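Below is one structure, written out as structure tokens; the observations come after it.
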Amino acid sequence: MPVANVTFYERVEDALHDSQLQTALDLSTARFANGRNQAMGSLAQSEALRDHARRIRAHTMANLDRYLAQFADSVERAGGQVHWAETAEAANRYVTRLAEARGVKLVVKSKSMVSEELELNHALEQLGIRVAETDLGEYIIQLAEEQPSHIIAPVIHKTRGEIADLFRAKLKATPEDLADVANMTALARRTLRHDFLKADMGITGVNFGVADTGSICLVTNEGNGRLCTAAPRIHLALMGMERLVPTLADLEVMLQLLARSATGQKLSVYTNILTGPRRNQRHNGPSGSEPDGPDEFHLVIIDNGRSNILGSELAEILYCIRCGACLNACPVYQQIGGHAYGSVYPGPIGSVVTPGLYGLDPWSDLPHASSLCGACREVCPIRINIPRMLLKLRDEGAQRGQSPYWLKLGLSLYRFAALRPSLFRLGGRLGSWATRLMGQDDWVGKLPGPLSAWTDQRDFPALARKSFSQRWREERG
Amino acid sequence: MDREKFLARIKENLRHTRLPEAGAGHPGLFQGDGSQTDVPASELVKDFKRELEALAGNVHILVDIEATAEKILEILRGHQARRILAWADPSLALPGISDALTVAGVTIERVGLSADGVARRTELLQIDDVIVGLTGAHGGLADTGAIALISGPGRSRLASLLPPVHIALLSQSKIYPSLSSFLAAHPAAAETGSNLVFIAGPSRSGDIELTLSMGVHGPGEVHVIILP
Numbered sequence: 050m051p052v053a054n055v056t057f058y059e060r061v062e063d064a065l066h067d068s069q070l071q072t073a074l075d076l077s078t079a080r081f082a083n084g085r086n087q088a089m090g091s092l093a094q095s096e097a098l099r100d101h102a103r104r105i106r107a108h109t110m111a112n113l114d115r116y117l118a119q120f121a122d123s124v125e126r127a128g129g130q131v132h133w134a135e136t137a138e139a140a141n142r143y144v145t146r147l148a149e150a151r152g153v154k155l156v157v158k159s160k161s162m163v164s165e166e167l168e169l170n171h172a173l174e175q176l177g178i179r180v181a182e183t184d185l186g187e188y189i190i191q192l193a194e195e196q197p198s199h200i201i202a203p204v205i206h207k208t209r210g211e212i213a214d215l216f217r218a219k220l221k222a223t224p225e226d227l228a229d230v231a232n233m234t235a236l237a238r239r240t241l242r243h244d245f246l247k248a249d250m251g252i253t254g255v256n257f258g259v260a261d262t263g264s265i266c267l268v269t270n271e272g273n274g275r276l277c278t279a280a281p282r283i284h285l286a287l288m289g290m291e292r293l294v295p296t297l298a299d300l301e302v303m304l305q306l307l308a309r310s311a312t313g314q315k316l317s318v319y320t321n322i323l324t325g326p327r328r329n330q331r332h333n334g335p336s337g338s339e340p341d342g343p344d345e346f347h348l349v350i351i352d353n354g355r356s357n358i359l360g361s362e363l364a365e366i367l368y369c370i371r372c373g374a375c376l377n378a379c380p381v382y383q384q385i386g387g388h389a390y391g392s393v394y395p396g397p398i399g400s401v402v403t404p405g406l407y408g409l410d411p412w413s414d415l416p417h418a419s420s421l422c423g424a425c426r427e428v429c430p431i432r433i434n435i436p437r438m439l440l441k442l443r444d445e446g447a448q449r450g451q452s453p454y455w456l457k458l459g460l461s462l463y464r465f466a467a468l469r470p471s472l473f474r475l476g477g478r479l480g481s482w483a484t485r486l487m488g489q490d491d492w493v494g495k496l497p498g499p500l501s502a503w504t505d506q507r508d509f510p511a512l513a514r515k516s517f518s519q520r521w522r523e524e525r526g
Numbered sequence: 031m032d033r034e035k036f037l038a039r040i041k042e043n044l045r046h047t048r049l050p051e052a053g054a055g056h057p058g059l060f061q062g063d064g065s066q067t068d069v070p071a072s073e074l075v076k077d078f079k080r081e082l083e084a085l086a087g088n089v090h091i092l093v094d095i096e097a098t099a100e101k102i103l104e105i106l107r108g109h110q111a112r113r114i115l116a117w118a119d120p121s122l123a124l125p126g127i128s129d130a131l132t133v134a135g136v137t138i139e140r141v142g143l144s145a146d147g148v149a150r151r152t153e154l155l156q157i158d159d160v161i162v163g164l165t166g167a168h169g170g171l172a173d174t175g176a177i178a179l180i181s182g183p184g185r186s187r188l189a190s191l192l193p194p195v196h197i198a199l200l201s202q203s204k205i206y207p208s209l210s211s212f213l214a215a216h217p218a219a220a221e222t223g224s225n226l227v228f229i230a231g232p233s234r235s236g237d238i239e240l241t242l243s244m245g246v247h248g249p250g251e252v253h254v255i256i257l258p
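Residue numbers (the working numbering), protein chains in the order written: chain W, 50 to 526; chain Y, 31 to 258.
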């Protein structure tokens, strides 16, 4: 996975000063969060359903080896081929070899986070195989040669004007094509339709695998997930090993929550459940073959660090169903957007998943990109305790000596004073006197030395004239 | 070999994990608190219509084959179209409708894709410019306005996907209160064909500045004709 060559704080700085991004973030996070709240509010027994969904996810993870074995057997029974990939390299090797063996020249791809994690497009393009992203947002990202910034809405950081410029440069769009969003969408439809009809292989992610039927479920609003799995002769699905439910009835519980939490819809436009390749006469007997759909179905089940998460204190993060609700609810995400996190998986969920998959050392800043307010846990359909895991990761970072010297120095000074009441009181009086001397109307505009880092951005409140313990003594007495 | 190693690694990690709320047994079906009341059958059509219309879908409640043929012809005329990409007649809720349309001068196209890549491309190009698709439906979901379609012989996926207009014929008796009641009534829905799809209104995207646009890759216009 690409590690950005600028620091987390530089990326945050850039994001905070990008006024277009700020407008887009305000609009989109508020819209998604409101939609989510309304949709969950209108769902009967939503709280009980969330508890139930959490129990299903927990039970599945606790028995993951057994359910994966059952799932793979079911996929094979339906005529699909299962490949197990321990690493990103192994997954890419399988996909590229298959593509080469089948003479694939063009791949159409439906939005898949795990393929971003694998950097699969790059691996295919190196072999001269063209990959067309077909989700409208992902397509724009691909034209712009950028990274998605949101799990559900990959291109929310771009304005319509920027997208129009891109279409003009890359698709030779006419003014008519760019007259409104409907025309821009129609242009993308026309361009991508050629690719759908020509492609030899469709690659998709998997929202959920169903262990007992061997089905995969793909949820989209545009229909690209359906086209990728109906027109090309080969369908290849990439699945993170944790994206599994035991039964179709369990899938239904997840579907009730997924679209509502993600976009505020009751159900996505297309909930596509696929079981093996298209049936031919061998399956169906004399009644005949299915007229369309792929003749080959390949499923790649990917570990790539997930089993390490499963064996760690972060195992609960594997309950995630990738709705993105925690991004929209997070006050930090609302300010900095997805790119600043520097990882394929942004937001609160990503701040746990990313260090979990790739190790804490390169990603030790992410667990600090949170105010620990708990909004993520509040909106999570599976009630994942993200703040607990962020704290755990911060603790681990501190154990490894990753906290800065000034924090350690400051905390040991505080500890020294806090253990000595008279010193603590003296410190309080000094602080009150000094901040009052420096400030005006109870606010300090400029603090000295390293403390100015605070007042460069905002004022500091002067300490109260009387300390709490002083008032306690007076008012009790 | 890969499989055994893969699963063994999971098993090993499960030995020393901490998974909150993980019960040994499967939690079973969602029971709720029993407060969920079933919608009376008479309300199902009304609910379905309201929900699908809220998603910008069109619902027509018609009585017979003449009225249905007339409605389909009207939609075709609106798009200056004469061809339909259709499911085989027995899979439609109204057997005989194909003949009725043919008599009225409509050309019925069928999907039949080859396993060979080159032939397949030609076959796809031949149907890509058809403007209207006609299918049956295995169910309607009253709480979401979605319809369920199961692929099979004579029942192509592309008829509900490739053309910009999709017309589905649905028997009133196949409207279920919810997704869960549909699945309870069709326990083998995912295994009957290779594809079970729930379609809730026209294809849509909000990717550009969250502005809603219809017909991104799938149909931008959806009609469900409900028959007695």
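Even for Gly, the Cβ is constructed at its ideal location relative to N, Cα and C. This structure is a prediction, so every number in the text was calculated from the model and none was measured.
CB contact flag (residue i, residue j, <9 Å)
| i | j | result |
| --- | --- | --- |
| M290 of chain W | I105 of chain W | no |
| G129 of chain W | G325 of chain W | yes |
| I127 of chain Y | I95 of chain Y | yes |
| M233 of chain W | A148 of chain W | no |
| H90 of chain Y | H253 of chain Y | yes |
| L192 of chain W | V259 of chain W | no |
| G269 of chain Y | G175 of chain Y | Residue 269 of chain Y is absent from the model: chain Y starts at 31 and stops at 258. |
| R99 of chain W | P430 of chain W | yes |
| E345 of chain W | S224 of chain Y | no |
| S243 of chain Y | V230 of chain W | yes |
| L241 of chain W | H247 of chain Y | yes |
| V141 of chain Y | A189 of chain Y | yes |
Exposed unless 16 or more other CB atoms sit within 10 angstroms - verdict on residue i
| i | result |
| --- | --- |
| P51 of chain W | Any reading at P51 of chain W must be qualified, since the residue scores a pLDDT of 49, below 50, and its modelled position is unreliable; the value itself is stated next. Counting Cβ neighbours within 10 Å, P51 of chain W comes out exposed, since fewer than 16 surround it. |
| Y206 of chain Y | buried |
| V148 of chain Y | exposed |
| E165 of chain W | buried |
| E59 of chain W | exposed |
| E523 of chain W | exposed |
| P416 of chain W | buried |
| D146 of chain Y | exposed |
| W455 of chain W | exposed |
| N377 of chain W | buried |
| L468 of chain W | exposed |
| S72 of chain Y | exposed |
| G90 of chain W | exposed |
Local conformation of residue i per DSSP, three classes
| i | result |
| --- | --- |
| K247 of chain W | helix |
| C375 of chain W | helix |
| T137 of chain Y | strand |
| A52 of chain Y | coil |
| L500 of chain W | helix |
| Q451 of chain W | coil |
| L74 of chain Y | helix |
| P326 of chain W | coil |
| M50 of chain W | Only weak support exists for where M50 of chain W lies, its pLDDT of 49 falling under 50; the value from the coordinates is given anyway. Reduced to three states, the DSSP call for M50 of chain W is coil. |
| C429 of chain W | coil |
| T223 of chain W | coil |
| Y30 of chain W | Residue 30 of chain W lies beyond the residue range present for chain W, which begins at 50 and ends at 526; the question has no answer from this structure. |
| P46 of chain Y | Residue 46 of chain Y is actually His in this sequence, not Pro. Coil. |
| F473 of chain W | helix |
| E251 of chain Y | strand |
| E339 of chain W | coil |
| H178 of chain Y | Per the sequence shown, the amino acid found at residue 178 of chain Y is Ala instead of His. In this structure, A178 of chain Y counts as strand in the three-state DSSP scheme. |
| T234 of chain W | helix |
| Q506 of chain W | coil |
Contact belief for residue i with residue j at Cβ below 8 Å, rounded distance in angstroms
| i | j | result |
| --- | --- | --- |
| I40 of chain Y | S356 of chain W | 5 Å |
| N333 of chain W | T278 of chain W | About 19 Å separates the two Cβ atoms, so there is no contact after all. |
| V280 of chain W | F245 of chain W | It is Ala, not Val, that sits at residue 280 of chain W in the sequence shown. With a Cβ gap of about 5 Å, A280 of chain W and F245 of chain W count as contacting. |
| I350 of chain W | V131 of chain W | 7 Å |
| S413 of chain W | V381 of chain W | In fact, because the Cβ distance is near 16 Å, the residues do not count as touching under 8 Å. |
| L365 of chain W | L49 of chain Y | Checking the sequence, you will find Glu at residue 365 of chain W rather than Leu. The pair is a contact, with the Cβ atoms about 7 Å apart (cut-off 8 Å). |
| V255 of chain W | L307 of chain W | The Cβ separation is near 13 Å, so there is no contact. |
| G166 of chain Y | L199 of chain Y | 5 Å |
**Request:** Kindly provide the ranges of any beta strand (DSSP E) runs that are 3 or more residues long and lie completely inside the region 189-246 of chain Y, ordered along the chain.
**Result:** 195-201 and 225-229
**Item:** Segments of 3+ residues assigned as beta strand (DSSP E) that fall wholly inside the region 164-217 of chain W
**Value:** 179-182
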